[in-house]
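Single-structure report; data block below.
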Amino acid sequence: MTVTSEQRYGEFVVVRRHEGQDHVAELVLDRPKAMNAVSTDMARSIAAACDALGADRDVRAAVLTSSHERAFCVGADLKERNSFTDADLVRQRPTARAAYTGVLELPMPVIAAVHGFALGGGFELALACDVIVADATAVVGLPEVSVGVIPGGGGTQLLPRRVGAARAAELVFSARRVEAAEARELGLVDELVEAGRDREEALALGARIAANSPVGLRAAKKALRLGQGLDLRAGLEVEDAAWRSVAFSGDRAEGVAAFNEKRRPDWPGE
């Protein structure tokens with residue numbers, strides 16, 4: 002797959018665009034010497050890359066990937082944390098949070114491509130995505146209580162929304178690692194593919210998503226996210242507001258016209 006553009010954010014994060022996938026952005030975790038352990042600098046770069054992606058109206062889908070052969074991301078950089086004073090940890094917390102919320106709040110659909118280890122904060126980055134594609138080598142988990150902390154990148158809130166409160170509690174309290182087949186069975190990941198194909202399959206899914214209306218995609222994601230946890234009546238109001246935001250858009254007009262004229266839509270994106 003030919004890279005047509007590349008933007009680096011700090012030393013450890015790259016955003017790439019590929020030939021034939023004009024509306025898909027690949028957000029690459031690129032700290033291979035540390036298995037993508039999230040240091041302060043890397044967290045800052047993830048947040049900056051997400052800010053740029055969120056503002057890019059040309060991006061209809063994003064794919065979060067890893068440049069390391071054996072890991073998606075092993076979580077927080079505990080070697081760095083070992084040198085922290087309590088004051089250092091307090092100062093770093095907003096930076097760390099900004100990385101995870103940056104991924105979570107991206108306005109377009111986001112797919113995680115997971116292989117190897119996705120542990121702690123690494124799995125939380127995947128949980129912040131809308132869909133997780135994992136290959137057969139994937140090992141996921143939230144082991145934070147085994148080192149005296151808790152999942153602090155959204156894990157205690159995102160995991161029960163995926164698998165239910167009791168299952169999430171078992172996984173968090175036991176700190177156990179879950180291999181690919183069981184992870185798929187439990188709903189910790191959404192698609193399971195052959196070893197080495199997670200990135201390829203995730204990018205292909207991103208391309209299929211990006212063929213659809215950018216206005217519709219962002220509104221649908223907003224409705225899905227805002228409706229979580231609401232009762233049905235309140236959720237339907239969220240959906241109605243999202244529908245009204247797209248019903249009179251140029252994308253809606255183009256989509257209906259293209260359907261009737263039996264052609265592919267040329268989305269205006271507004």
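If you count the sequence shown from 1, you need to add 1 to reach this note's numbering.
Backbone N, C-alpha and C fix where the C-beta goes; we use that ideal spot for every residue, glycine too.
From a predicted model like this one, the values you see are computed outputs, not experimental measurements.
With residue i as the anchor, note down where its beta strand (DSSP E) starts and where it stops.
| i | result |
| --- | --- |
| Arg18 | 14-19 |
| Val39 | No beta strand (DSSP E) contains Val39, which DSSP labels as neither H nor E. |
| Thr3 | Premise fails: Thr3 is in no beta strand (DSSP E) and is neither H nor E. |
Kindly indicate which three-state DSSP category residue i falls into: helix, strand or coil?
| i | result |
| --- | --- |
| Thr66 | strand |
| Gly188 | coil |
| Cys74 | strand |
| Phe174 | helix |
| Ser246 | helix |
| Ser84 | coil |
| Ala119 | strand |
| Leu90 | helix |
| Glu240 | helix |
| Glu271 | coil |
| Glu106 | coil |
Taking the alpha helix (DSSP H) that residue i falls in, what are its first and last residues?
| i | result |
| --- | --- |
| Ala211 | 199-211 |
| Leu218 | 215-228 |
| Asp252 | 251-261 |
| Leu28 | Element bounds for Leu28: not the alpha helix (DSSP H) but the beta strand (DSSP E), 22-30. |
| Arg162 | 156-164 |
Thinking just about the alpha-carbon of each residue, which of the options is nearest to the one in residue i?
| i | options | result |
| --- | --- | --- |
| Ser68 | Asn37, Val91, Arg92, Leu54 | Asn37 |
| Asp131 | Asp191, Val247, Glu20 | Asp191 |
| Gly21 | Ser175, Asp87, Ser6, Pro215 | Ser6 |
| Thr41 | Val91, Glu180, Gln8, Ala135 | Val91 |
| Arg226 | Ala49, Val29, Pro108, Arg9 | Pro108 |
| Pro152 | Arg94, Arg177, Gly122, Gly165 | Gly122 |
| Val64 | Val104, Ser175, Glu180, Ala35 | Val104 |
| Ala208 | Val16, Ala48, Ala62 | Ala62 |
| Val4 | Asp23, Gly197, Ala182 | Asp23 |
| Cys74 | Asn83, Gly142, Gly55 | Gly142 |
| Thr66 | Gly117, Val173, Val148 | Gly117 |
| Gln148 | Ala176, Val15, Thr138, Asp59 | Before going on, a small fix: residue 148 reads as Val here, not Gln. That would be Ala176, whose Cα lies nearest to the Cα of Val148. |
| Ala127 | Ser46, Ala100, Trp268 | Ala100 |
| Val150 | Gly188, Val14, Arg82, Tyr10 | Arg82 |
| Ala137 | Phe124, Pro161, Arg198, Phe85 | Arg198 |
| Arg264 | Glu255, Gly270, Glu271 | Glu255 |
| Gly76 | Ala49, Met43, Arg58 | Met43 |
| Arg245 | Ser214, Thr157, Ala220 | Ala220 |
| Leu28 | His19, Val15, Gly55, Lys34 | Val15 |
| Leu54 | Lys34, Phe13, Pro110 | Pro110 |
| Val247 | Trp268, Arg45, Leu233 | Trp268 |
| Val179 | Ala50, Ala135, Gly270 | Ala135 |
Look up residue i in the DSSP assignment and give the residues it is bridged to.
| i | result |
| --- | --- |
| Ile112 | Val64, Val132 |
| Gly142 | Leu120 |
| Tyr101 | None; Tyr101 has no bridge partner. |
| Val148 | Beta-bridge pairing links Val148 to no other residue. |
| Leu193 | Ala135 |
| Glu180 | Val140 |
Verify the CB distance criterion: does residue i have a CB-CB separation below 8 Å to chain B?
| i | result |
| --- | --- |
| Gly121 | Note that chain B does not occur in the displayed structure, where there is just one protein chain. |
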